[in-house]
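All remarks here apply to the structure that follows.
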Amino acid sequence: MGDWSRALVGVFAALIFVVPFYWMLVTSLKAPGTTTTFPPQFIPRPATLESYREAFASIPLVRYFLNSVIVTGSVLALQLPLVTAAAYAFANFDFKFKNQLFTLCLMSMMIPAQVTFLPNFLLMNKLRWYDTYLALIIPFASSAYGIFLLRQAFLQVPKDLIHAAELDGANHFQVLWHVLVPIVKPTITTVALFAFVTHWNSYFWPLVVTNSDAVRTLPVGVAMLRDGENRMSWSVLMAGNMVAVTPVLALFLIFQKNLVRSFVQGGLKS
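252 is the number that UniProt numbering gives to position 252 of the sequence shown; each next residue is one higher, with no gaps.
As structure tokens, then:
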């Protein structure tokens, strides 16, 4: 494939992602009731923030945003240390049933989340966690996908570095924190970014286990802007979606170098 062919493929792939986002932004800046005019306006004239004002007035969008920040931040604070420690154990320790446990960990990724909704919902009710932050946080305190990615990253670190640190008197925690974590930092950033996107955008589980504005998250709240096909304002709905997607886009732009470095690192052998 020549340079021009690769460039065309790259431009086409970029347009697949950029055009929907651009149209969402343009629609959110149109006045309510003008989104279905023909011919369509690719540049809103005039651009207005009326849809954003209506979105914030229709639902407690700020409360939902804060709930998503609390839930996603808490999940990351629990998940990253746990998956890092578990991945380190699978990569560097020899213990009974190690391979079997890791296989079970991988198999858990093959089970659709919807299959476990009912038993998890019943458990949340039994623990009296329904409509609380705990129901949104604790079930996701670990991640099989995160364990897998970090284990692979740890396996690529030369064993000589670990042995040298141990000869200097470093314990396992010091080896992990001072030797391995700095080396696999791009992978940790990738795991954190994937976890953030997953839980920030999570819809079905928060919909099942929340029933009040006090803990309802942003995706569920934004969906409430959709008040039937006949009365729905597309510009208001797109304004709510812009509020929801902006943090994800900002984080991707900030950490995209770490993300690319992680994929490159994952394709190399030590």
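For every residue, glycine included, the Cβ atom is placed at its ideal position computed from N, Cα and C.
In this structure, the CA atom of A85 is about 36 Å from the CA atom of N241. Here K30 is buried, its C-beta having at least 16 other C-beta atoms within 10 Å.
Within the same chain, and ignoring the five residues on either side of V71 in sequence, the residues whose Cβ sits closer than 7 Å to its Cβ are Y133, L136, I137, H199, T217. Rounded to the nearest angstrom, the gap between the Cα atoms of F204 and T116 is 12 Å. Taking every protein chain shown into account, the CB of L180 has 16 or more other CB atoms within 10 angstroms, so this residue is buried. Residue environment analysis places S68 among the buried positions, since at least 16 neighbouring C-beta atoms fall within 10 angstroms of its C-beta.
Remark: C-beta atoms of Q79 and F154 do not approach each other more closely than 8 Å.
Within a 10 Å sphere around the beta-carbon of V222 sit 16 or more other beta-carbons, which makes this residue buried. Here the region 52-60 makes contact with the region 233-248; the two share three or more CB pairs at distances below 8 Å. In the DSSP annotation of this structure, the continuous segment of the alpha helix (DSSP H) that includes D3 starts and ends at 3-28. Excluding five sequence positions before and after Q114, the CB atoms of its chain that fall closer than 8 Å to its own CB belong to F204, given in chain order. Just so you know, the alpha carbons of P40 and Q100 end up roughly 57 Å apart. When secondary structure is reduced to three states using DSSP, F97 falls in the coil class, being assigned neither helix nor strand. Across the structure, L122 and N211 are spaced so that their CA atoms are roughly 15 Å apart.
With fewer than 16 other beta carbons inside 10 angstroms of its own, F95 counts as exposed. Using a Cβ distance threshold of 8 Å, V220 and P206 count as a contacting pair.
Beta-carbon to beta-carbon, L150 and A87 are separated by about 3 Å, close enough to satisfy the 8 Å threshold. A direct Cα-Cα distance of roughly 13 Å separates L225 from Y64. If you draw a 10 Å sphere on the C-beta of I162, you find 16 or more other C-beta atoms in it, and that means buried. It is roughly 20 Å from the alpha-carbon of V19 to the alpha-carbon of L251. The C-alpha of A244 lies about 22 Å from the C-alpha of G33. In this structure, the straight-line span from the alpha carbon of P119 to that of Y130 is close to 13 Å.
T35 sits buried, since 16 or more C-beta atoms from the chains shown fall within 10 Å of its C-beta. Restricting attention to L253, L127, M24, the CA atom closest to the CA of T189 is found in L253. Positions of the alpha helix (DSSP H) runs, each at least 4 residues long and wholly inside the region 58-128, are given as 61-92, 98-108, 117-126 in order along the chain.
Listed in chain order, the non-local C-beta contacts of F102 below 7 Å within the same chain comprise F90, local neighbours out to five positions each way being set aside. For V245, the three-state secondary structure derived from DSSP is helix. Between the C-alpha atoms of I147 and V208 there is a straight-line separation of about 27 Å.
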